[in-house]
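Colleague: Residue numbers (my numbering), protein chains in the order written: chain A, 1103 to 1577; chain B, 1103 to 1577. Even glycine gets a Cβ: it sits at the ideal position worked out from N, Cα and C. For clarity, every value in this text was computed on a predicted model and none was experimentally measured. To start, I am sharing the structure in question, which I have written as structure tokens.
Protein chains: 2
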Amino acid sequence: MDIAIYNTTLLTMQGKGLGIIPNATIGIEDGLIICLGKAKTVDHGKTDQIIDGRNHITMPGFINSHIHSGITLLRGAAQDVPELEWMNKAIGPFIKHLAKDDLIAGSRLGVMEGLSSGTTTFAEYTDNVRDLVEKVYLPWGVRVVAIETINEVSRDRSKLKPTDLYTFDQDKGIAAFKRNKQLFHTFTGNPLVSVMFGPQALDMISLELLKEIQTECQERMSKVHMHIAQGERERLQIQGRFGKDQTTVKVLKSHDLLDSNLIAAHIHDTTPEERELLVDHKVGMVGCPSSISMIDGIVPPVGHYRSLGGRASLGTDQAPGPGHHNMIRELRTISLLTKVMSQDPTTIPAWEALQLGSVGGSKNLGLDKKVGSLEVGKQADIITIDLKKVNLTPEIHKPFYNFIPNLVYSMNGNEVDNVIINGEFIIRDYKFDKIDVEAIINDVNQRATKIFTAAEDDWIQADSKLVDFHRRGYI
Amino acid sequence: MDIAIYNTTLLTMQGKGLGIIPNATIGIEDGLIICLGKAKTVDHGKTDQIIDGRNHITMPGFINSHIHSGITLLRGAAQDVPELEWMNKAIGPFIKHLAKDDLIAGSRLGVMEGLSSGTTTFAEYTDNVRDLVEKVYLPWGVRVVAIETINEVSRDRSKLKPTDLYTFDQDKGIAAFKRNKQLFHTFTGNPLVSVMFGPQALDMISLELLKEIQTECQERMSKVHMHIAQGERERLQIQGRFGKDQTTVKVLKSHDLLDSNLIAAHIHDTTPEERELLVDHKVGMVGCPSSISMIDGIVPPVGHYRSLGGRASLGTDQAPGPGHHNMIRELRTISLLTKVMSQDPTTIPAWEALQLGSVGGSKNLGLDKKVGSLEVGKQADIITIDLKKVNLTPEIHKPFYNFIPNLVYSMNGNEVDNVIINGEFIIRDYKFDKIDVEAIINDVNQRATKIFTAAEDDWIQADSKLVDFHRRGYI
């Protein structure tokens, strides 16, 4: 055996409840889980690396179902502003100054943060996603779902009024679609990479191209991951293009574009009836609670979607605004936000949040045959959590496991001491195996300092609410 | 000089905005701040302990304005249940089994957690608070506001229907009031202890005793810290005792019990007009966002209270339910919850959250001449925060300080590397000076294991929703 974790409490996330097995051992060989179950000892002679799992939870790594990691370099750049200011006035002036290498540096920072808080799969959604896969994810041995952003509208929309319709650039869309298709060839057979199609949003793509993508997706038995019903800006474009009484969901429905291959990010600008329709068509949803509450002041409708029987999972979206790529924090955030939205403290209990962050993610992304739960034959994406931290004390096993709620409501993210992906240690006893953390922090600080300085005039001219805060000494 | 922190970024929390001073030094002698300002160097010969503050924020420690630390031993015992189940069915069966020493052990755990995430003042609200002051706070050198719980109703109310009126036990109330008064004598002249009166809530105390407390409070120039308008249970008692159209705020108003010495915890069951009335009478409020959202599914009306010009601050309440005593997490939680409640992402921006957690707390508790901001002559309650953590990267100083939002939206709590109270190191370079963390964790685990086991039958019999979750393998 390559690795054995013994004398641990397993959360397998399959079978009855959360599949809790106390005093258990799990064994890993050639990247796969080869055994698990009740056993207090392990044959030391036949195992390369042995982890004493006492006072630890051992569970599948978390699955971040929606991340734009590149702009992590802009953490702290844009928050506490009206939603309409966020993109154009607050973060826009900085994004303009990001070069390709800056996005790679930012991605390193964001992925490192995700890994250290227990995420093992990242659904990365960006232009030229191949760059990040080849320069960040694969060199580190991290599992990634590569989603190429496909849109047909020009980047500079800052002079348009919200009701002015975007002009479309077919060539731009076709080039991105081509890059997206190419990913399947590039990464065929790579155990760490899967590929999805990434039409950005219905306001940014033509129905023709969207249908082409759907057909291609069906042939490749892949998924379409798309931002859907994100708010006012999208709604105004859809009404302008398709008619006053139209919405994203209605248009997709009338063109047969709702199906079980579709993963819909956000959907906060939908009616309850539209969410029923999405569930009826077996569309999955991804909620990004920190992002959507910070930027829009809105709770993603994950609770409602689940109550309808829909497939849902969670993502961190991007760092500027929500501030982080820590999936453990997303579990607590979706639970608290859903409780206050429904004025019901029983909604999204701890165990449901844990499902959303692990097995829910793998089912939503179509990876549940590979990862998301601990089962013999699955790929070994496993984390251990140290319960002998002040904020996770006490550890109780009887009459119930108090550490289940504590994982969701008390963890910070820095209690994850081992992270294994595909049977390889990424983090061992709190230390990254291959990653020079300090070098990356220094590189990011240097790049970000340059970018923020270069963007100063643009930022002042854009004159968001933050400029006023700065003048008053608040930021 | 005893201690100097140099080459740091100060958040003084006074003057313009947050009082940000880059490249600054702060000096401490005999427990007091004796100098601060721009200076890159420090005279090494004349200073005992020198901290290099580069890539660090140096700011006043956080003020936890409302904590019941003793029951931290029951972390993870009660959450995700209907509000009416929380006290009687979920946590009640365990509380019954807590002995005096267990509460002390629990308090150690909770205070240790608060300290390590940067809290330097704890407003401790409990029966026999003297025990915790003498056995937890003072031996560790931690600043505490001692509040003795005064109530006149019998502990066992489990057989009453919500509309049955509580019976009052005058002697119980008088004994507690006496203990409360005695605290002033016991701790006179102790620089770390201040004392307040703690009538528990209007449904649990007679107006006669409350008036006596108010008079005593005025004579001692102290404060009355009281739970106010906590929800249905309280409302039904008030209506039963004072009349169908009465509320806690109305009764207090009509008996001249609203004044600037009153600190009202929670107040979520108030109308907007009642909150205006409280603000008009200069009553302060304490919001406990994690606790009230977890247990009641409600957002504390901190945002509204502040918008009316009211005095507000934050507390963690208790661990079972919210899960923690990490004030940094409360800053983010109140901001996010207020944003979604008001559907406005501009409410409680980062700088306002930081004020609520520091200088807002000292003003609300009447400690602002001593602590809560960094000023020459104030007591040296100071923390440093390490910005070279992955989740706080990048650190930007121009065109604005991106670390201000990052402190609130990206911090976990484990980035605090130095904690100084009254000029003494409590934590130095992430390590507790006097506290044996592992011994406390082990002690708590042993005690909690006994208590949870002893309470098993009661817990099953009480039959909260959690019992069903356990049977289904979810906790």
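Which term fits B/S1475, buried or exposed, when burial requires 16 or more other beta carbons within 10 angstroms of its beta carbon?
Modeller: buried
Colleague: For A/V1478, count neighbouring Cβ atoms within 10 angstroms of its own Cβ and tell me buried if that reaches 16, exposed if not.
Modeller: exposed
Colleague: Could you compute how far the alpha carbon of B/A1421 sits from the alpha carbon of A/G1333?
Modeller: 37 angstroms
Colleague: With 16 other CB atoms within 10 Å as the buried threshold, where does A/Y1532 fall?
Modeller: Looking at its Cβ environment, which holds fewer than 16 other Cβ atoms inside 10 Å, A/Y1532 is exposed.
Colleague: Just to confirm the assignment, what range does the alpha helix (DSSP H) spanning B/S1393 have?
Modeller: 1391-1398
Colleague: What's the gap between the Cα of A/G1345 and the Cα of B/S1460?
Modeller: 52 angstroms
Colleague: Would the beta-carbon of B/T1174 fall within 9 angstroms of that of B/E1215?
Modeller: Going by beta carbons, B/T1174 and B/E1215 fall inside the 9 angstroms limit.
Colleague: In its own chain, which residues sit with a C-beta less than 6 angstroms from the C-beta of B/S1296, not counting the 5 before and 5 after it?
Modeller: V1247
Colleague: A/I1400 CB to nearest chain B CB: under 9 angstroms?
Modeller: A/I1400 has a beta carbon lying within less than 9 angstroms of a beta carbon in chain B.
Colleague: Using beta-carbon positions only, say whether A/D1154 and A/N1109 come within less than 9 angstroms of one another.
Modeller: yes
Colleague: Can you tell me where the alpha helix (DSSP H) with B/T1495 in it begins and where it stops?
Modeller: Taken as a continuous stretch (DSSP letters only), B/T1495 belongs to no alpha helix (DSSP H), as it is neither H nor E.
Colleague: Any idea which residues DSSP pairs A/K1118 with across the strands?
Modeller: Looking at the DSSP assignment, A/K1118 forms no beta bridge with any residue, so it has no partner.
Colleague: If distances are taken between C-alpha atoms only, which option among A/G1121, A/G1208, A/V1388 comes closest to A/H1406?
Modeller: Comparing Cα-Cα distances from A/H1406 to each of A/G1121, A/G1208, A/V1388, the minimum goes to A/V1388.
Colleague: Less than 9 angstroms between the C-beta atoms of A/I1152 and A/L1112, yes or no?
Modeller: no
Colleague: Count the CB pairs spanning the region 1269-1279 of chain A and the region 1219-1226 of chain A that are closer than 8 angstroms, and state whether there are at least three.
Modeller: Cβ pair count under 8 angstroms is below three, so no.
Colleague: Any Cβ of chain A within less than 9 angstroms of the Cβ of B/Y1239?
Modeller: no
Colleague: Going along chain B, which residues have a C-beta under 8 angstroms from A/K1118?
Modeller: R1574, G1575
Colleague: I want to see whether chain A comes within less than 9 angstroms of B/N1493, judged by CB atoms only; does it?
Modeller: yes
Colleague: Beta-carbon separation of A/P1424 and A/I1400 under 9 angstroms?
Modeller: no
Colleague: Grab me the residues of A/K1384's own chain with a C-beta within less than 6 angstroms of its C-beta, minus the 5 sequence neighbours each way, in chain order.
Modeller: S1362
Colleague: Just how far apart, CA to CA, sit A/Q1481 and A/K1472?
Modeller: 6 angstroms
Colleague: Which partner residues of B/D1154 appear in the DSSP bridge assignment?
Modeller: B/Y1108
Colleague: Cβ closer than 9 angstroms: which chain B residues qualify as neighbours of A/G1172?
Modeller: The contacting residues do not exist; A/G1172 stays about 14 angstroms from chain B at best.
Colleague: Give the interface partners of B/V1546 over in chain A, defined as CB-CB distance under 8 angstroms, in chain order.
Modeller: T1495, P1496
Colleague: Starting from A/I1522 and walking both ways along the beta strand (DSSP E), at which residues does that stretch end?
Modeller: 1518-1523
Colleague: What would DSSP say about B/Q1181, mapped onto helix, strand or coil?
Modeller: coil
Colleague: Whole angstroms are fine: how far does the CA of B/S1219 sit from the CA of B/G1133?
Modeller: 21 angstroms
Colleague: In the DSSP assignment, find the alpha helix (DSSP H) that holds B/A1556 and state where it starts and stops.
Modeller: 1539-1556
Colleague: Is there a C-beta anywhere in chain B that falls below 9 angstroms from the one on A/I1528?
Modeller: no
Colleague: Are the C-beta of A/E1558 and some C-beta of chain B separated by less than 9 angstroms?
Modeller: yes
Colleague: Using C-beta distances below 8 angstroms, list every residue in its chain close to B/P1374, excluding the 5 sequence neighbours before and after it, in chain order.
Modeller: H1406
Colleague: Quick test of your reading: B/I1365 and B/K1313, contact by CB under 8 angstroms. State the CB separation rounded to the nearest angstrom.
Modeller: That belief does not hold up - the Cβ atoms of B/I1365 and B/K1313 are roughly 17 angstroms apart, past 8 angstroms.
Colleague: Ignoring anything shorter than 3 residues, give me the beta strand (DSSP E) runs that lie fully in the region 1273-1310 of chain B, in order along the chain.
Modeller: Within the region 1273-1310 of chain B, the runs of beta strand (DSSP E) at least 3 residues long that lie entirely inside it are, in chain order, 1295-1301.
Colleague: Please report the residue range of the alpha helix (DSSP H) in which A/H1368 lies.
Modeller: First-last for A/H1368: 1364-1368, but that is the beta strand (DSSP E), not the alpha helix (DSSP H).
Colleague: Go through its chain and collect everything with a Cβ distance to A/I1542's Cβ below 7 angstroms, but skip five positions before and after it.
Modeller: Closer than 7 angstroms at Cβ, skipping near neighbours: R1210, L1211, M1214.
Colleague: Just the C-alpha distance for B/V1351 and B/R1245, rounded to the nearest angstrom, thanks.
Modeller: Rounded to the nearest angstrom, the two C-alpha atoms are 31 angstroms apart.
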